[in-house]
Amino acid sequence: MNFPKRENFQTSEKSLIIVGSKNPVKVACTESAFTEAFHKGFVVNGITAASQVSDQPKGDEETYLGARNRVINAKKSFPEADYWVGIEGGVGEDVRGMYAFAWIYIENKSGLQGKAKTGTFYLPKAIADLIHSGMELGAADDQFFAQENSKQCGGSVGILTHGAITRQTYYNQAIILALIPFLNEELF
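As numbered in the numbering used here, residues 60 to 247 make up the sequence shown, in order.
Set out below in structure tokens:
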């Protein structure tokens with residue numbers, strides 16, 4: 060199979076990407092993932108876009124819906140963009156314990172959609188207990204690990220991997236996976 064040449068993705072004008080969050084980690088990872096995937100520069104801005112789900116989404120459906128709603132609301136606020144990106148972190152539970160993950164949802168101005176989910180990782184019982192008590196994961200991390208605003212830095216994954224994987228690198232791969240339809244429009 061012949062893959063498109065990298066230079067086919069390059070153009071001189073910069074596309075505008077709106078991220079449905081002002082979180083600097085989400086904005087930065089969106090810019091790096093798009094640049095890595097398309098091999099060109101972008102203008103990336105974060106705006107406040109409601110997820111319309113719980114502050115701490117639980118399960119795949121609620122977390123996915125939060126990412127999608129961020130795109131829908133970002134589109135309403137900023138319709139002139141070329142792409143809109145929603146990133147929503149969530150938690151789930153199974154017999155092995157509570158785990159964290161995030162959904163990525165991307166849409167472009169022609170209506171093409173891409174979606175992907177990060178890998179999952181299990182949370183310590185003490186963090187899960189704080190979430191069960193009603194805390195959001197970021198707040199639970201801050202309290203338990205004596206951090207401040209960790210979700211705008213390395214996040215839970217950064218804390219637990221001692222920086223080997225940051226929140227930005229964790230999201231980066233999933234954003235690139237969500238870009239597959241845009242890199243292969245003829246297939247989607």
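Beta carbons: idealized from backbone N, C-alpha and C, even for Gly. Predicted, not measured: the structure shown is a model, and the values here were computed from it.
Using the rule of at least 16 other Cβ atoms within 10 Å of the residue's Cβ for burial, across every protein chain shown, is residue i buried or exposed?
| i | result |
| --- | --- |
| Asp200 | buried |
| Glu95 | exposed |
| Gly193 | exposed |
| Leu171 | exposed |
| Leu189 | buried |
Please report the distance separating the alpha-carbon of residue i from that of residue j.
| i | j | result |
| --- | --- | --- |
| Ile186 | Lys81 | 25 Å |
| Glu72 | Cys212 | 31 Å |
| Val144 | Thr225 | 19 Å |
| Asn231 | Tyr142 | 16 Å |
| Val216 | Gly222 | 8 Å |
| Ala126 | Ser110 | 7 Å |
| Gly79 | Gly197 | 18 Å |
| Ser169 | Ser74 | 13 Å |
| Ser209 | Asp153 | 25 Å |
What would DSSP say about residue i, mapped onto helix, strand or coil?
| i | result |
| --- | --- |
| Gly214 | helix |
| Gly118 | helix |
| Asp188 | helix |
| Lys174 | strand |
| Leu75 | strand |
| Asn167 | strand |
| Phe101 | strand |
Ignore the nearest five residues each way along the sequence and tell me which others in residue i's own chain have a CB closer than 7 Å to its CB.
| i | result |
| --- | --- |
| Leu236 | Ala175 |
| Gly173 | Ile165, Ala237, Leu238, Ile239, Pro240 and Phe241 |
| Leu124 | Val112 |
| Phe204 | Ile218 |
| Ser136 | Ile106 and Ala108 |
Among residues of its own chain, excluding the 5 on either side of residue i, which ones have a beta-carbon nearer than 6 Å to its beta-carbon?
| i | result |
| --- | --- |
| Thr122 | Pro116, Glu147, Gly149 and Trp162 |
| Ala87 | Gln227 |
| Lys134 | Trp143 |
| Lys85 | Val78 and Ile146 |
| Phe247 | Pro240 |
Beta-carbon within less than 8 Å of residue i's beta-carbon, same chain only, minus the 5 sequence neighbours each way: which residues are those?
| i | result |
| --- | --- |
| Gly156 | Tyr181, Leu182, Lys184 and Ala187 |
| Thr179 | Gly151, Tyr158, Ala159 and Phe160 |
| Ile76 | Thr89, Glu90, Phe93, Phe101, Val102, Val103, Asn104, Ala140, Asp141, Tyr142, Trp143 and Val144 |
The region 125–137 contacting the region 148–167, beta-carbon criterion three pairs below 8 Å:
yes
Per the contact definition of three or more C-beta pairs closer than 8 Å, is the region 83–100 in contact with the region 112–124?
no
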